[in-house]
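A quick write-up on the structure given underneath.
2 protein chains.
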Amino acid sequence: MSEFLELLPPAQALNLFLDQCEFSPQSETVPLEDAVGRVTAESVISSFALPSFARSTVDGFAVRAVDTHGASETLPAYLKLIGEVPMGGTPDFELGRGECAIIHTGGMVPEGADAVVMVEYTQEARPGEVEILRAVSLGSSVLQPGEDVQAGDEVIGRGVQLRPAEIGGLAALGHAGVNVAVRPKVAIISSGDEVVPPGGPLSAGQVYDVNSYSLHSLIEQAGGEAVRYGILPDDAQAFKSAAERAKKECDLVIFTAGSSVSVRDLTATTIDELGQPGVIVHGVSVRPGKPTILALADGVPVIGLPGNPVSALVIARIFVAATIQKMVGLHTSRPKPAITAKLMLNLSSQAGREDWIGVKLTHSAEGYTAEPVFGKSNLIFTLANADGLMKIPAAANGIAAGEMVEVELI
Amino acid sequence: MSEFLELLPPAQALNLFLDQCEFSPQSETVPLEDAVGRVTAESVISSFALPSFARSTVDGFAVRAVDTHGASETLPAYLKLIGEVPMGGTPDFELGRGECAIIHTGGMVPEGADAVVMVEYTQEARPGEVEILRAVSLGSSVLQPGEDVQAGDEVIGRGVQLRPAEIGGLAALGHAGVNVAVRPKVAIISSGDEVVPPGGPLSAGQVYDVNSYSLHSLIEQAGGEAVRYGILPDDAQAFKSAAERAKKECDLVIFTAGSSVSVRDLTATTIDELGQPGVIVHGVSVRPGKPTILALADGVPVIGLPGNPVSALVIARIFVAATIQKMVGLHTSRPKPAITAKLMLNLSSQAGREDWIGVKLTHSAEGYTAEPVFGKSNLIFTLANADGLMKIPAAANGIAAGEMVEVELI
Numbered sequence: 014m015s016e017f018l019e020l021l022p023p024a025q026a027l028n029l030f031l032d033q034c035e036f037s038p039q040s041e042t043v044p045l046e047d048a049v050g051r052v053t054a055e056s057v058i059s060s061f062a063l064p065s066f067a068r069s070t071v072d073g074f075a076v077r078a079v080d081t082h083g084a085s086e087t088l089p090a091y092l093k094l095i096g097e098v099p100m101g102g103t104p105d106f107e108l109g110r111g112e113c114a115i116i117h118t119g120g121m122v123p124e125g126a127d128a129v130v131m132v133e134y135t136q137e138a139r140p141g142e143v144e145i146l147r148a149v150s151l152g153s154s155v156l157q158p159g160e161d162v163q164a165g166d167e168v169i170g171r172g173v174q175l176r177p178a179e180i181g182g183l184a185a186l187g188h189a190g191v192n193v194a195v196r197p198k199v200a201i202i203s204s205g206d207e208v209v210p211p212g213g214p215l216s217a218g219q220v221y222d223v224n225s226y227s228l229h230s231l232i233e234q235a236g237g238e239a240v241r242y243g244i245l246p247d248d249a250q251a252f253k254s255a256a257e258r259a260k261k262e263c264d265l266v267i268f269t270a271g272s273s274v275s276v277r278d279l280t281a282t283t284i285d286e287l288g289q290p291g292v293i294v295h296g297v298s299v300r301p302g303k304p305t306i307l308a309l310a311d312g313v314p315v316i317g318l319p320g321n322p323v324s325a326l327v328i329a330r331i332f333v334a335a336t337i338q339k340m341v342g343l344h345t346s347r348p349k350p351a352i353t354a355k356l357m358l359n360l361s362s363q364a365g366r367e368d369w370i371g372v373k374l375t376h377s378a379e380g381y382t383a384e385p386v387f388g389k390s391n392l393i394f395t396l397a398n399a400d401g402l403m404k405i406p407a408a409a410n411g412i413a414a415g416e417m418v419e420v421e422l423i
Numbered sequence: 014m015s016e017f018l019e020l021l022p023p024a025q026a027l028n029l030f031l032d033q034c035e036f037s038p039q040s041e042t043v044p045l046e047d048a049v050g051r052v053t054a055e056s057v058i059s060s061f062a063l064p065s066f067a068r069s070t071v072d073g074f075a076v077r078a079v080d081t082h083g084a085s086e087t088l089p090a091y092l093k094l095i096g097e098v099p100m101g102g103t104p105d106f107e108l109g110r111g112e113c114a115i116i117h118t119g120g121m122v123p124e125g126a127d128a129v130v131m132v133e134y135t136q137e138a139r140p141g142e143v144e145i146l147r148a149v150s151l152g153s154s155v156l157q158p159g160e161d162v163q164a165g166d167e168v169i170g171r172g173v174q175l176r177p178a179e180i181g182g183l184a185a186l187g188h189a190g191v192n193v194a195v196r197p198k199v200a201i202i203s204s205g206d207e208v209v210p211p212g213g214p215l216s217a218g219q220v221y222d223v224n225s226y227s228l229h230s231l232i233e234q235a236g237g238e239a240v241r242y243g244i245l246p247d248d249a250q251a252f253k254s255a256a257e258r259a260k261k262e263c264d265l266v267i268f269t270a271g272s273s274v275s276v277r278d279l280t281a282t283t284i285d286e287l288g289q290p291g292v293i294v295h296g297v298s299v300r301p302g303k304p305t306i307l308a309l310a311d312g313v314p315v316i317g318l319p320g321n322p323v324s325a326l327v328i329a330r331i332f333v334a335a336t337i338q339k340m341v342g343l344h345t346s347r348p349k350p351a352i353t354a355k356l357m358l359n360l361s362s363q364a365g366r367e368d369w370i371g372v373k374l375t376h377s378a379e380g381y382t383a384e385p386v387f388g389k390s391n392l393i394f395t396l397a398n399a400d401g402l403m404k405i406p407a408a409a410n411g412i413a414a415g416e417m418v419e420v421e422l423i
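Just so you know, the protein sequences line up as chains A and B, in that order. Numbering follows our numbering, with no gaps: position 398 of the first sequence is 411. Numbering follows our numbering, with no gaps: position 173 of the second sequence is 186.
Following this line, the structure appears as structure tokens:
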């Protein structure tokens with residue numbers, strides 16, 4: 014199972030792959046306090062208006078605006094004080110012509126009143142009477158029912174990732190929980206005769222497993238639930254049985270094998286034979302990450318990542334994160350966190366291939382500058398030393414120093 | 014306890030407050046798979062070099078570079094094949110002059126060898142002999158020991174928020190866990206006679222508690238552990254006993270009370286009497302959020318947030334998140350996720366006051382445009398409709414349409 018001769022650029026490869034995937038996300042209701050970062054499984058319709066009653070935005074006196082017309086410091090209006098609005102309740106009176114009532118911020122504007130005068134613009138005249146020192150217009154200092162949302166409004170769409178503001182909005186509408194997409198289970202299958210798990214001893218010639226852990230973190234950040242399947246020996250039967258178990262138990266299967274040709278071939282063959290239609294993309298026109306595999310095995314998406322730690326993370330950002338997002342039905346296209354920065358060095362690249370380069374950002378009065386962090390793609394700390402990644406598009410054969418570039422934070 | 018007459022801008026108020034806080038973060042060791050987003054409690058020193066041995070970056074033959082000099086397709090060099098490097102082990106042979114050995118990607122370069130020739134540039138001559146079709150230079154296709162990090166290098170500083178790349182780096186160094194700052198416990202004390210928890214019934218004149226939930230989410234995102242203390246009645250004794258309990262049980266206490274003058278006064282008095290030195294800042298030159306309180310009670314920081322949901326979130330982003338970050342010892346100044354966008358409308362503001370305005374971002378070929386989302390600060394869905402917040406600095410009295418602005422994603 015060799016790489017295809019015609020390599021697609023990442024965006025096209027991703028579309029070709031995702032177009033063949035059909036996901037029907039499961040949903041679950043989670044308490045509001047656990048919902049931040051989750052993605053709504055259905056739209057939220059307001060069952061009542063917000064605010065649900067006319068509320069005062071200040072401390073003062075509920076009035077009929079017409080009764081204050083012409084009022085000033087020198088010529089106050091005198092209104093009869095008929096009561097006080099209880100917080101959290103309904104006033105048991107109706108305001109008539111020439112009357113007013115004490116009201117607190119958030120209190121319900123009583124029947125008959127249509128404005129509130131701030132306490133600063135009033136003065137007690139004698140018991141039962143208030144001097145109004147300033148005219149107010151209709152609706153002044155009153156939040157009208159439905160000014161935030163109307164009953165029946167779609168207030169949060171389906172596929173929206175919940176932030177503190179949406180959590181607050183859900184609470185305002187009385188929801189103690191919210192229906193969100195279940196986090197897809199993502200299998201990580203690592204392999205390599207030379208690879209051992211961290212925490213144990215290391216013999217000469219061995220290396221610690223990096224990708225299982227860096228990918229675990231990335232998958233969790235992207236909204237998946239990572240399940241590690243350990244480190245397989247470079248053996249066809251071990252690959253086949255782990256892949257079959259992962260396919261049965263998880264919603265997405267990730268292979269992160271070694272970089273040797275024989276192991277790459279073993280991975281590709283295992284993936285291709287796992288189910289129908291098999292490998293859809295084998296090899297992508299991107300650096301790092303050319304030997305990426307995108308496949309579908311009887312409805313379960315399978316992604317073969319390159320073995321080098323930096324390549325694996327760069328490619329997982331592009332393909333694994335996007336697949337998880339499609340699985341949970343993420344619909345909105347909120348901006349990706351990115352910084353616009355001035356590139357400090359000339360970067361050359363091969364036209365027709367997309368390049369991703371780690372950069373260090375520095376802030377100054379004129380904005381950000383971006384300094385590439387060079388290093389072979391097997392050196393994980395070159396990526397740990399970067400603030401973000403910048404792309405050299407396939408169409409370009411480089412970017413000149415001084416140009417402004419978009420840096421995606423990692 | 015009234016607002017101070019001289020109001021500080023947010024950055025100065027924050028510094029004045031944090032300068033008086035002394036935090037000594039507790040630390041705990043968490044497994045690597047739970048460590049993403051956490052903040053290191055101590056720096057990580059590499060106990061060995063990475064890679065720890067000379068590794069091949071390709072599949073091919075380990076050679077002495079000098080033996081390949083002058084080799085070409087037409088005039089190959091002939092080398093004696095003396096063995097194969099085992100993956101994950103040490104070769105049991107040393108390479109002599111005129112000799113070569115099979116090596117796989119990631120394999121240990123044997124003693125005596127100093128370069129690797131890719132298999133593509135070789136050809137089997139006869140059994141036990143390999144034709145080298147291209148000359149390679151010293152170190153070609155070899156990752157040298159320590160090329161990523163040296164033994165004794167500080168590879169991750171103290172106070173660094175861990176991303177997938179650092180998690181990978183820790184795994185590469187054999188760490189199965191990492192020492193991180195304990196997440197500070199943050200008390201949320203809500204109040205209001207008219208406020209009821211979501212999930213239950215709502216009577217006329219009542220509203221659901223928004224801030225406890227939106228702040229809970231924001232605190233968790235900022236790295237704290239939120240503890241809700243329920244909704245207090247507007248009563249001095251209830252405020253006092255909840256505040257004392259929260260001060261004892263938590264590392265940071267947040268008040269989010271109503272907006273009426275009497276409740277604001279009650280909050281300020283409660284906070285000021287909770288411990289020494291009491292209120293440090295009362296009122297900040299910012300909109301929304303002017304009535305913010307920053308205090309210290311016997312070593313426990315206490316923050317009084319404005320009652321309006323939008324104001325509470327905007328102010329919590331500025332003060333609560335920064336306090337949590339200082340508590341966990343976050344040292345690095347990684348760029349905040351922000352988008353540079355072209356403002357589509359003139360915005361005026363009062364000079365001397367910092368304004369924060371929700372904006373909706375739209376992407377086009379020329380980059381992002383920012384459209385302000387107007388709405389009173391009690392309308393939570395105006396914030397839910399925004400992609401981010403932009404600042405009008407205190408020194409400006411507005412920003413003109415067409416100017417480029419920084420939008421912090423929310």
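Just so you know, even glycine gets a beta-carbon here, dropped at the ideal spot from N, CA and C. Note that the structure is predicted; figures quoted are calculated from it, not measured.
- Membership of A/L108 in any alpha helix (DSSP H) is not indicated, and neither H nor E is assigned to it by DSSP.
- Per the C-alpha coordinates, the member of A/S216, A/V386, A/R241, A/A217 positioned closest to A/S225 is A/R241.
- For the stretch 139 to 171 of chain A, the set of residues with a beta-carbon nearer than 9 Å to any beta-carbon of chain B comprises L156, E160, D161, V162, D166, V168, I169, in chain order.
- For B/H376, the C-beta contacts it makes with chain A under 9 Å involve S346, P348, in order along the chain.
- When secondary structure is reduced to three states using DSSP, A/G371 falls in the strand class.
- Judged by DSSP in its simplified three-state form, A/T87 adopts coil rather than helix or strand.
- Annotation for B/T81: A90, I145, A148, V149 place their beta carbon closer than 6 Å to its own, counting only its chain and skipping 5 residues before and after.
- Around the beta carbon of A/P44, fewer than 16 other beta carbons sit within 10 angstroms, so the residue counts as exposed.
- For B/G182, the closest Cβ of chain A is nearer than 8 Å.
- A contact is defined here as three or more CB-CB pairs under 8 Å, and the stretch 54 to 65 of chain B meets this definition with respect to the stretch 157 to 168 of chain B.
- From the listed residues A/T87, A/S85, A/E124, A/I95, the smallest Cα separation to A/T103 is found for A/E124.
- Inside the stretch 198 to 272 of chain A, DSSP marks whole beta strand (DSSP E) runs of 3 or more residues at positions 198 to 204, 238 to 245, 265 to 269, from first to last along the chain.
- Rounded to whole angstroms, the gap between the alpha carbons of B/P319 and A/V98 is 22 Å.
- Among the CB atoms of chain A, one or more fall inside 8 Å of the CB of B/F394.
- The alpha-carbon of A/G401 is positioned some 18 Å away from that of A/A335.
- For the stretch 333 to 419 of chain B, the full-length beta strand (DSSP E) segments reaching 3 residues or more read 351 to 356, 367 to 377, 380 to 385, 401 to 405 along the chain.
- Among the CB atoms of chain A, none fall inside 8 Å of the CB of B/V386.
- When the Cα atoms are used, B/F36 and A/I352 turn out to be separated by approximately 31 Å.
- Distances from the alpha-carbon of A/E137 to those of A/A413, A/G152, A/K93 put A/K93 closest.
- Annotation for A/T118: S69, T70, V71, D72 place their beta carbon closer than 7 Å to its own, counting only its chain and skipping 5 residues before and after.
- Taking B/V195 as the centre and dropping the five residues before and after it, the same chain places the C-beta of Q39, E41 closer than 6 Å to its C-beta, in chain order.
- Per DSSP, the continuous beta strand (DSSP E) segment holding B/Q136 begins and ends at 135 to 137.
- The alpha-carbon separation between B/S273 and B/G212 amounts to approximately 25 Å.
- In chain B, no part has a C-beta under 7 Å from the C-beta of A/H295; the shortest such distance is about 18 Å.
- Contact check for A/L309 and A/C34: beta-carbon distance about 6 Å, within the 8 Å limit, so the pair qualifies.
- Put simply, the backbone Cα of A/W369 is about 5 Å away from that of A/K404.
- When DSSP assignments are scanned along the stretch 33 to 69 of chain B, the uninterrupted stretches of beta strand (DSSP E) that are 3 or more residues long and fall wholly within it turn out to be 40 to 44.
- For B/P322, the chain A residues whose C-beta falls within less than 8 Å of its own C-beta are G181, A185, listed in chain order.
- Per DSSP, the unbroken alpha helix (DSSP H) holding A/P177 starts and ends at 177 to 185.
- Of B/M121, B/V79, B/G96, the smallest CA-CA separation from B/G111 is found for B/V79.
- Counting C-beta atoms within 10 angstroms of its own C-beta, A/E367 has 16 or more neighbours from the protein chains shown and is therefore classed as buried.
- In terms of beta-carbon proximity, A/I423 lines the interface with chain B, with at least one pair separated by less than 8 Å.
- Here B/G271 is near B/G205, since their CB atoms are less than 8 Å apart.
- Contact between B/V199 and B/L307 fails: their C-beta atoms lie close to 15 Å from each other, not under 8 Å.
- Between B/A114 and B/G141, the gap from beta carbon to beta carbon reaches 8 Å or more.
- For A/T280, not one C-beta of chain B is nearer than 8 Å to its own C-beta.
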